[in-house]
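A.B. asks:
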Amino acid sequence: MVGVVMDISERQAALRERKQAEIKIHQQATLLDIATDAILVQDLNNQILFWNQSAKRLYGWLEQETIGQNAINLLFNTEESLQLLEKIHAALADKGFWQGEINQITKDGKKIIVESRWTLVRDEQGQPKSFLVSNTDITQKKQIESQFLRAQRLESIGILASGIAHDLNNVLSPILMSLQLLEKNFSDQQTQQLLKILDTNVQRGADLIKQVLSFAKGVSGKLIILQIKHVVAEINHIIQQTFPKSINFTTELPLDLWAVYADPTQLQQVLMNLCINARDAMPYGGSLKIIAANKFIDEISAQSFFEAKVGYYVVISVVDTGIGIAPEILERIFEPFFTTKETGKGTGLGLSTVMGIVKNYGGFINVESSLGQGSQFQVYLPALTTTQQQQQLTQDIELLTGNGESILVVDDELSLQEITQISLADYNYQVLTASNGIEALSEYVKHKDKISAVLMDLMMPEMDGITTIRALQRINPRIKIIATSGLATNEKITEVSSIGIKAFLPKPYTLSELLKILSLVLNENENISD
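Numbered according to our numbering, the sequence shown spans residues 341 to 870.
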């Protein structure tokens, strides 16, 4: 009998250690798979060794599609990111760790920005073995930050523009009123023609100021319940008549599209500006489409857009197949006076005006564009989903003559004082004037028994219009006041309406507008607004 005895205790111990190590590795891999960050392991040649489930969700690549593949080919597609990769490797060799932002690409070609953390992994001998990479998607965060910075820049420029616009409106108002008086007093054809040219150009200047104020503070328009299809129909007619035949224009408007509360002229301006930009982006032709849809923005969706609020919206998309917008330009397109067009072919106010009007309505804009693949501007406007009734007076009102009433005109612009006094006197009004709040109070105390209404400028030195109005109301709680200002913002209108004024008249105003508002105020007991 021959017997052989072998000691296998060491082998069994080794097998147990190996099994425990495998279990530990499996547990670690499971933890990596449930992590919210995209985690991958690369060897020193950038070949992928590990790819967790979050990496699959972020980039779209399955694990079996990535293992053994070169990470550079999958995730990096720009010269800038490749140059950054060289700096990352240098930092890892020096410090063993790197952290920063990287522009990457997903499986479907979408560009993303990640907060990336790289760690150099060494073997038991201390030699470099692989890279452990953890990436967090911050694309949405960066977009919101960019929108916030853009809004800050617009606000700063808007403050400057508002002051300039106020002064220009004070200059234009007496010119407009003088022209209407001259038209009445000079009937020969040549003079009438010259006055018409002057009036047209002054109106253009006033419209340009309103454009500046549109993005600066939000100019109030004549808001009505509006169906988008009517505005799009007008745009369609203009495009068919004026755009090159090489551009194919189509629309998609559902029958059940919600209404919005907007000024039709301003909304037409928004869509026309976007369509003209799309036309300019397709010099050799292409496709232009306006698409409208109903959409509900929930709390999660609202986080994706700067200044978006939860609610119902009508989304109007202007889509083109043009040259697209470069990323560095996309960040600046809504800045006032920024333009990529040749000198004389653009003021840089188009998209600024669009942004100002849309924000004034409580809406927002989202832009998507890729070079060579076109652009899409999505305009979100708060929708009216309940039935509302509103009447709108559209007939022209002839110049109305007064009945000898006394009007106190308060304005620090002497030229506007003088022309208002001359104009009202020509239409059977008595006029008293004051250059500031203190003079206004003095004049009113002297003649309060005969003053029927007060025309009050809100922007004056020494004592501003709001303070003066409150002081006058303490003297006579039933006083009829018409407020005027070159800054006709919603906030300003709301402020003066809350203290009981009868009407608000934005500068520059015409003589007919002044006479109309005076007639309404003097003949109505209820508060009105222009």
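Positions of the beta carbon are idealized from the N, C-alpha and C atoms, including for glycine.
Please report the residue range of the alpha helix (DSSP H) in which Lys569 lies.
C.D. replies: Per DSSP, Lys569 belongs to the alpha helix (DSSP H) from Ile568 to Thr582.
A.B. asks: Using the Cβ count rule (16 or more neighbours within 10 Å means buried), how would you classify Leu422?
C.D. replies: It is exposed - the Cβ of Leu422 has fewer than 16 other Cβ atoms within 10 Å.
A.B. asks: Taking DSSP as the reference, what is the three-state secondary structure of Ala621?
C.D. replies: Note: Ala621 maps to coil in three-state DSSP.
A.B. asks: Does the stretch 795–807 come close enough to the stretch 739–757 that 3 or more CB-CB pairs lie under 8 Å?
C.D. replies: Contact holds: three or more Cβ-Cβ distances are below 8 Å.
A.B. asks: Output the distance between the C-alpha atoms of Leu380 and Phe437, rounded to the nearest integer angstrom.
C.D. replies: C-alpha separation (whole angstroms): 15 Å.
A.B. asks: DSSP has Met796 in a bridge; who is on the other side?
C.D. replies: Partner(s): Val750 and Ala823.
A.B. asks: For Val694, tell me which candidate among Ile579, Thr479, Ser709 and Tyr720 has the shortest Cα-Cα distance.
C.D. replies: It is Tyr720.
A.B. asks: Rounded to whole angstroms, what's the CA-CA distance from Gln409 to Lys482? Just pull it up for me.
C.D. replies: Cα to Cα, Gln409 sits roughly 29 Å from Lys482.
A.B. asks: Would you identify the three-state DSSP class for Thr531, choosing helix, strand or coil?
C.D. replies: Thr531 falls in the helix class under three-state DSSP.
A.B. asks: Quick one: give me the first and last residue of the beta strand (DSSP E) that Pro846 is part of.
C.D. replies: Taken as a continuous stretch (DSSP letters only), the beta strand (DSSP E) holding Pro846 covers Ala843 to Pro846.
A.B. asks: In three-state DSSP terms, what is Ile669?
C.D. replies: Helix at Ile669.
A.B. asks: Kindly list the residues whose CB is nearer than 6 Å to the CB of Met517, restricted to its own chain and excluding five residues on each side of it in sequence; keep chain order.
C.D. replies: Excluding residues within five positions, the ones whose Cβ falls inside 6 Å are Ile759, Ser763 and Leu851.
A.B. asks: For Asp660, which beta-bridge partners are listed by DSSP?
C.D. replies: DSSP, once it has assigned bridges, lists Leu628 and Ser715 as partnering Asp660.
A.B. asks: Return helix, strand or coil for Asp878, following the three-state DSSP convention.
C.D. replies: A question about residue 878 goes unanswered here, because the residues of the chain that appear run from 341 up to 870.
A.B. asks: Let's test the definition: count the other Cβ atoms within 10 Å of the Cβ of Phe636 and tell me whether it reaches 16, buried, or not, exposed.
C.D. replies: Exposed, by the Cβ-count rule.
A.B. asks: For Thr590, does the three-state DSSP call read helix, strand or coil?
C.D. replies: It is a strand residue.
A.B. asks: For Leu522, name the three-state secondary structure that DSSP assigns.
C.D. replies: Helix, per DSSP.
A.B. asks: DSSP on Tyr769, reduced to helix/strand/coil?
C.D. replies: Looking at Tyr769 - three-state DSSP - the assignment turns out to be coil, as it is neither helix nor strand.
A.B. asks: So who's on the other strand from Gln444, going by DSSP bridges?
C.D. replies: Looking at the DSSP assignment, Gln444 forms a beta bridge with Ile452.
A.B. asks: Is the distance from the Cβ of Thr479 to the Cβ of Ile442 below 7 Å?
C.D. replies: Contact: no.
A.B. asks: Taking DSSP's pairing of strands, which residues face Asn706 in a bridge?
C.D. replies: Paired residue(s): Gln718.
A.B. asks: Kindly list the residues whose CB is nearer than 7 Å to the CB of Arg462, restricted to its own chain and excluding five residues on each side of it in sequence; keep chain order.
C.D. replies: Within the same chain, Arg462 has close Cβ partners Pro468 and Lys469.
A.B. asks: Quick check on this structure: which residue in Trp458, Gly626, Met799 and Ile669 has the alpha carbon closest to the alpha carbon of Leu424?
C.D. replies: Selected option, being the one with the closest Cα: Trp458.
A.B. asks: Based on the DSSP secondary-structure assignment, which residues constitute the bridge partners of Asp596?
C.D. replies: Paired residues: none, contrary to the question.
A.B. asks: Hey, could you find the ends of the beta strand (DSSP E) Val473 is sitting in?
C.D. replies: Element bounds for Val473: Pro468 to Asp477.
A.B. asks: Tell me whether Lys635 sits in a helix, a strand or coil according to DSSP, three-state version.
C.D. replies: If DSSP states are grouped into helix, strand and coil, Lys635 belongs with the strands.
A.B. asks: Does the Cβ of Tyr624 have 16 or more other Cβ atoms within 10 Å, making it buried, or fewer, making it exposed?
C.D. replies: Answer is exposed; the Cβ neighbour count stays below 16.
A.B. asks: Within the same chain, show all residues whose beta-carbon is closer than 8 Å to that of Ala666, passing over the 5 residues directly before and after it, in chain order.
C.D. replies: Excluding positions up to five away in sequence, the list reads Leu711.
A.B. asks: Sort out for me which residues DSSP pairs Arg462 with in a bridge.
C.D. replies: Paired residue(s): Pro468.
A.B. asks: Let's test the definition: count the other Cβ atoms within 10 Å of the Cβ of Met800 and tell me whether it reaches 16, buried, or not, exposed.
C.D. replies: Buried is the call here.
A.B. asks: Over the uninterrupted beta strand (DSSP E) stretch that includes Ile815, give me the two end residues.
C.D. replies: Counting along the chain, Ile815 falls outside any beta strand (DSSP E), though it belongs to the alpha helix (DSSP H) covering Gly805 to Ile815.
A.B. asks: How far does the alpha helix (DSSP H) with Leu389 in it reach, from first residue to last?
C.D. replies: Segment Ile388 to Trp391 is the beta strand (DSSP E) holding Leu389; no alpha helix (DSSP H) there.
A.B. asks: DSSP state of Tyr701, grouped into three classes?
C.D. replies: It is coil, neither helix nor strand.
A.B. asks: Are the CB atoms of Val654 and Leu607 within a distance shorter than 7 Å?
C.D. replies: The answer is no: Cβ separation not under 7 Å.
A.B. asks: What's the C-alpha gap between Gly626 and Glu668?
C.D. replies: Between Gly626 and Glu668, the C-alpha separation is close to 24 Å.
A.B. asks: What residue range does the alpha helix (DSSP H) around Gln409 cover?
C.D. replies: Unbroken run through Gln409: none, as it is neither H nor E.
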